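Residue numbers 74 to 278, in the numbering used here, belong to the letters of the sequence shown in order.
From the three backbone atoms N, C-alpha and C, an ideal C-beta is built for every residue, glycine too.
Every value quoted in this text rests on a predicted model; they were computed, and no experiment measured them.
Below is one structure, written out as structure tokens; the observations come after it.
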Amino acid sequence: MPFFDGATGAVHYRTWTVADARFGLVFLHGLGQNSAHYHRFARLLNERGVDVWAVDHVGHGLTEGELTDAAQIPGLAQNALQLIDIAEAEHPELSFALMGHSLGAATAIAALGAHPEAVRCAILCGTPKSVTGSADDLSDNVIPLLAVHGVDDRLAPVDAVREWIGSVPHASLREFEDGGHDLLHEKIHQAVTTVVAEFLDDHMH
């Protein structure tokens with residue numbers, strides 16, 4: 074099991090790779106989850122030639138520490154950027170994208186705020202309302218960005234994302250009428266994965 078020295082201790086990550094990968098995706102899970110919850114998503118992307126790398130956030134999965142509040146998001150973002158660096162070092166022939174769900178979306182936004190061109194493009198899933206009104210609002214975004222969001226998301230209502238996405242350069246929103254907060258674990262997960270894969274196909278070349 075691979076680990077690296079992160080912001081607050083040993084950070085575990087998981088990889089799903091294929092021999093003929095066209096590009097890679099670094100994935101950041103949500104609160105209370107871990108990388109192991111995304112086997113199905115990663116394998117579906119593998120079928121389309123996408124390598125997937127996923128971190129366990131602090132206090133989640135096999136990563137050390139305890140996650141207590143949002144003030145730790147910059148440290149999570151540092152870990153995400155480290156994993157991008159590791160993935161690129163191991164596969165210099167590949168370009169990478171970044172995707173995050175909920176807490177992972179907030180972390181991705183912080184990572185892109187710190188290093189706007191760390192990846193070729195990014196996807197945000199279930200973006201929290203608190204992030205859309207924060208200082209790290211991606212108003213200076215320079216890469217293609219896709220937000221996927223459930224219309225019936227009660228944890229992170231879609232209205233805030235609709236308003237926010239219009240202020241983010243190079244960004245678009247794809248809404249799912251039958252979707253709640255955890256799109257990749259709902260009945261519509263395959264449709265969401267297809268949208269993600271098509272976005273990657275369009276922007277990773």
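By the beta-carbon neighbour count (other beta carbons within 10 angstroms, threshold 16), Q106 is buried. Excluding the 5 residues flanking it on each side, T180 has same chain C-beta neighbours closer than 7 Å at L101, I146, L149, A150, A153, G173, in chain order. C-alpha of K260 to C-alpha of F272: approximately 20 Å in a straight line. Straight across, the Cα-Cα distance linking A170 with P201 is about 20 Å. DSSP lists V125 as the bridge partner or partners of W89. Rounded to whole angstroms, the separation of the alpha carbons of E250 and G223 is 6 Å. With a cutoff of 7 Å on beta-carbon distance, G253 and D225 are scored as near each other. For S240, the secondary structure class from DSSP, reduced to helix, strand or coil, is coil.
Excluding its 5 nearest sequence neighbours in each direction, V192 has C-beta neighbours in its own chain below 6 Å: F169, A170, L171, listed in chain order. According to DSSP, residue pairing for R247 in a beta bridge involves V221.
Measuring C-alpha to C-alpha distances from T267 to each of A244, G79, L117, V128 identifies L117 as the nearest. Listed in chain order, the non-local C-beta contacts of E236 below 8 Å within the same chain comprise T205, local neighbours out to five positions each way being set aside.
When DSSP reads this structure, A80 sits in no beta bridge, so it has no partner. When DSSP states are grouped into helix, strand and coil, L154 belongs to the helix group. Linking L104 to A92 through their CA atoms gives a straight-line distance of about 31 Å. With respect to the 7 Å criterion, L98 and V125 are classified as neighbours on the basis of their beta carbons. Looking from the CA of H243, the closest CA among F77, I216, H188 belongs to I216. Apart from the 5 residues on each side of it in sequence, N119 sits with its Cβ closer than 6 Å to the Cβ of W89, V91 in its chain, given in chain order.
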